[in-house]
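A.B. asks: Below are the structure tokens for one structure; questions will follow.
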């Protein structure tokens, strides 16, 4: 649909036949474990255990908050910015933060299970300084952030030991261990100046690397570089170069997926006592608190856990008969008499190509030497993406509507009369009309485009598709329902 979609393995139009999965899955797991062991040798010291009552407990995550300097001349203290002070809301395991003013800073104590925490210090209306009580507008926070004066402070440490979760108040050395220099070779490609769902640019984040702490950048560059080393090990162990490329491809995808866990876009879920990766919704929002995951903890975001999941997926793929995959542009495909099932773009809801760069910059680092043509550009191409993005083009509505009709018109030309096509569409209510009823421009345009391309809808099914880990609940104005439409040529 975008005219370009990173498909692995293989470049556009290349015919691929699926190899036996068992050996490949085992080698993905085998060399993924080697990568984990090697990474722990190199950077394991950056993820130390914490001592709790004589027990060396494994850290699950370091929970951080943003900070700025209070604008009150009589205060000038370090303001903690957080939306909440809860660490765990599970029944019987309630824990929260008790902030205590301490000179020009605020220190944090662990409290619970009784009582409830105070409200967070920042919301859409602004922030409040815990040291002097001064209300602070968001404009001040944005100005400080753009000037490079937004910092971070460790709120708490979540650790695992004796089959239970511990929360530890941070000590000075915990912040010192995380205070490491930024690697020299990181994804410095710039974020879009403006894009659908992007909010971080208003807070001084200008490159993709700015969405990670220095410790996270060290971890991700280490794993990405180890993908290349694993490929060389496979060849040294007697594997052919093409087979080494295949194993490296899946390991590279794992390294890319790890970026969703090891980013300041990740968060701590107090209701589940665990971390949640980035993209709880299809956006890059500004977060005041974030969870820095331990890649060697055996919990969410653990490197070997990601690799193990990939190998299990390979083992469960059907291998008989051999499958064939093509990567093509939906607007140029000739289709023919085939069964069609498609998930078309969502009008102006999601900017997929801009969002995909979050993963692409890491794929390019680990797999660029294998897929030189496919990963030749610094960022993914954007021009042909079928999306009604008014930040990208003035005629966004017309561009989307014309492209939508063109695709479904081409499908209609050779569509079978015997079988319907299935179209998946997740919509959100985008507008409210004069009577107070909800209307959706994207949904209306979608249906008009189908009718205009000579299709008729013969059946619909609502499908619950949203997971419990997303940031916005089902009652909010989000992508709430997936609708499956069965359509036949009219």
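Residue numbers (the numbering used here): 284 to 773.
Glycine included, C-beta positions come from ideal geometry on N, C-alpha and C.
From a predicted model like this one, the values you see are computed outputs, not experimental measurements.
Am I right that residue 311 and residue 534 are in contact with their C-beta atoms under 8 angstroms? What's the rounded C-beta distance?
C.D. replies: Translated into the one-based positions of the chain shown, residue 311 becomes position 28. Translated into the one-based positions of the chain shown, residue 534 becomes position 251. About 6 angstroms separates the two Cβ atoms, so the contact holds.
A.B. asks: With H, G and I counted as helix, E and B as strand and the rest as coil, what does DSSP make of residue 557?
C.D. replies: As a working mapping, residue 557 is identified with position 274 in the chain shown. Here residue 557 sits in strand by DSSP.
A.B. asks: Would you tell me roughly how many angstroms separate the C-alpha atoms of residue 731 and residue 744, rounded to the nearest one?
C.D. replies: Stepping through the chain shown from its first residue, residue 731 is reached at position 448. Stepping through the chain shown from its first residue, residue 744 is reached at position 461. Cα-Cα distance, rounded: 19 angstroms.
A.B. asks: Please determine, among 698, 709, 736, 708, the residue with the shortest C-alpha to C-alpha distance to residue 687.
C.D. replies: Position 404 of the chain shown, counted from the first residue, corresponds to residue 687. Nearest of 698, 709, 736, 708 to residue 687, Cα basis: 736.
A.B. asks: In three-state terms, what does DSSP make of residue 411?
C.D. replies: Translated into the one-based positions of the chain shown, residue 411 becomes position 128. DSSP places residue 411 in strand when its eight states are reduced to three.
A.B. asks: Using alpha carbons as the reference points, say which of 635, 417, 401 lies closest to residue 378.
C.D. replies: Here residue 378 corresponds to residue number 95 of the chain shown, with the count starting at 1. Nearest option by C-alpha distance: 401.
A.B. asks: For residue 429, collect the residues of the same chain with a Cβ closer than 6 angstroms to its Cβ; drop the 5 residues on either side in sequence, then sort them by chain order.
C.D. replies: What you label residue 429 is simply residue 146 of the chain shown in a count that begins at 1. Contacts found: 487.
A.B. asks: If you reduce the DSSP assignment to three classes, tell me which class residue 485 lands in.
C.D. replies: Along the chain shown, read from residue 1 onward, the residue named residue 485 stands at position 202. Note: residue 485 maps to helix in three-state DSSP.
A.B. asks: Taking the alpha carbon of residue 334 as the point to measure from, which residue in 456, 619, 384, 410 has its own alpha carbon closest?
C.D. replies: Your numbering for residue 334 matches position 51 in the chain shown. The shortest C-alpha separation from residue 334 is found at 456.
A.B. asks: Are the segment 560 to 580 and the segment 477 to 492 touching by the rule of at least three beta carbon pairs closer than 8 angstroms?
C.D. replies: With a cut-off of 8 angstroms, the segment 477 to 492 and the segment 560 to 580 count as touching, because enough Cβ pairs lie within range.
A.B. asks: Determine which residues share a DSSP beta bridge with residue 746 and list them.
C.D. replies: To locate residue 746, count along the chain shown from 1; it is residue 463. Per DSSP, 765.
A.B. asks: Among residues of its own chain, excluding the 5 on either side of residue 772, which ones have a beta-carbon nearer than 7 angstroms to its beta-carbon?
C.D. replies: By one-based count along the chain shown, residue 772 stands at place 489. Same-chain partners within the cutoff: 695, 698, 700, 737, 738.
A.B. asks: I'd like to know if the segment 643 to 656 and the segment 505 to 513 are in contact, where contact means that at least 3 CB-CB pairs between them fall below 8 angstroms.
C.D. replies: Short answer: they touch.
A.B. asks: Consult DSSP for residue 366 and reduce its assignment to one of helix, strand or coil.
C.D. replies: Residue 366 sits at position 83 when you count from the first residue of the chain shown. In the structure shown, residue 366 sits in coil (DSSP, three-state: anything other than H, G, I, E or B).
A.B. asks: Cα separation between residue 347 and residue 356?
C.D. replies: Indexing the chain shown from 1 puts residue 347 at position 64. Indexing the chain shown from 1 puts residue 356 at position 73. About 26 angstroms.
A.B. asks: Keeping to the same chain, check which residues put their C-beta closer than 8 angstroms to that of residue 296; ignore five residues upstream and five downstream.
C.D. replies: By one-based count along the chain shown, residue 296 stands at place 13. With a pLDDT of 38 at residue 296, under the threshold of 50, the modelled position of this residue cannot be trusted, and the question is left open.
A.B. asks: Straight-line CA distance for residue 734 to residue 684?
C.D. replies: Here residue 734 refers to the residue found at position 451 of the chain shown. Here residue 684 refers to the residue found at position 401 of the chain shown. In a straight line, the C-alpha of residue 734 is about 12 angstroms away from that of residue 684.
A.B. asks: Buried or exposed: where does residue 420 fall if 16 or more other Cβ atoms within 10 Å of its Cβ makes it buried?
C.D. replies: One-based indexing of the chain shown puts residue 420 at position 137. With fewer than 16 other Cβ atoms within 10 Å, it is exposed.
A.B. asks: Out of curiosity, what's the CA-to-CA distance linking residue 507 and residue 313?
C.D. replies: On the chain shown, position 224 is the one that residue 507 refers to. On the chain shown, position 30 is the one that residue 313 refers to. Cα to Cα, residue 507 sits roughly 17 angstroms from residue 313.
A.B. asks: Whole angstroms is fine: what's the gap from residue 705's alpha carbon to residue 741's?
C.D. replies: If you number the chain shown from 1, residue 705 lands on position 422. If you number the chain shown from 1, residue 741 lands on position 458. Between residue 705 and residue 741, the C-alpha separation is close to 10 angstroms.
A.B. asks: May I ask you to report which of helix, strand or coil DSSP gives residue 438?
C.D. replies: Counting from one through the chain shown, the residue named residue 438 turns up at place 155. Note: residue 438 maps to strand in three-state DSSP.
A.B. asks: Less than 8 angstroms between the CB atoms is what I'm expecting for residue 517 and residue 527, so what's the real figure, rounded?
C.D. replies: Here residue 517 corresponds to residue number 234 of the chain shown, with the count starting at 1. Here residue 527 corresponds to residue number 244 of the chain shown, with the count starting at 1. Sure, about 4 angstroms apart at Cβ, within 8 angstroms.
A.B. asks: Apart from the five residues on each side of it in sequence, which residues of its chain come closer than 6 angstroms, Cβ to Cβ, to residue 649?
C.D. replies: Sequence index remark: in the chain shown, residue 649 carries index 366 (1-based). So the list reads 507, 510, 535, 538, once near-sequence residues are dropped.
A.B. asks: Give the DSSP bridge partners of residue 537, in chain order.
C.D. replies: Counting from one through the chain shown, the residue named residue 537 turns up at place 254. According to DSSP, which records beta bridges pairwise, residue 537 is partnered with nothing at all.
A.B. asks: In angstroms with no decimal places, state the Cα-to-Cα distance between residue 372 and residue 384.
C.D. replies: The residue given as residue 372 occupies position 89 in the chain shown. The residue given as residue 384 occupies position 101 in the chain shown. Approximately 24 angstroms between the Cα atoms of the pair.
A.B. asks: With C-beta atoms as the reference, is residue 561 less than 8 angstroms away from residue 548?
C.D. replies: By 1-based counting over the chain shown, the position of residue 561 is 278. By 1-based counting over the chain shown, the position of residue 548 is 265. The answer is yes: Cβ separation under 8 angstroms.
A.B. asks: Provide the residue span of the beta strand (DSSP E) that contains residue 450, from first to last.
C.D. replies: Translated into positions along the chain shown, residue 450 becomes position 167. Unbroken beta strand (DSSP E) run through residue 450: 447 to 451.
A.B. asks: Going by the DSSP bridge assignment, what does residue 770 pair with across the sheet?
C.D. replies: The count along the chain shown starts at 1 and reaches residue 770 at position 487. Answer is 704, 740, bridged to residue 770.
A.B. asks: What residue range is occupied by the uninterrupted alpha helix (DSSP H) comprising residue 425?
C.D. replies: Taking the first residue of the chain shown as position 1, residue 425 is located at position 142. Residues 421 to 429.
A.B. asks: State the Cα-Cα distance for the pair residue 410 and residue 418, rounded to the nearest angstrom.
C.D. replies: Walking along the chain shown from the start, residue 410 turns up at place 127. Walking along the chain shown from the start, residue 418 turns up at place 135. If you take the alpha carbons of residue 410 and residue 418, they lie about 6 angstroms apart.
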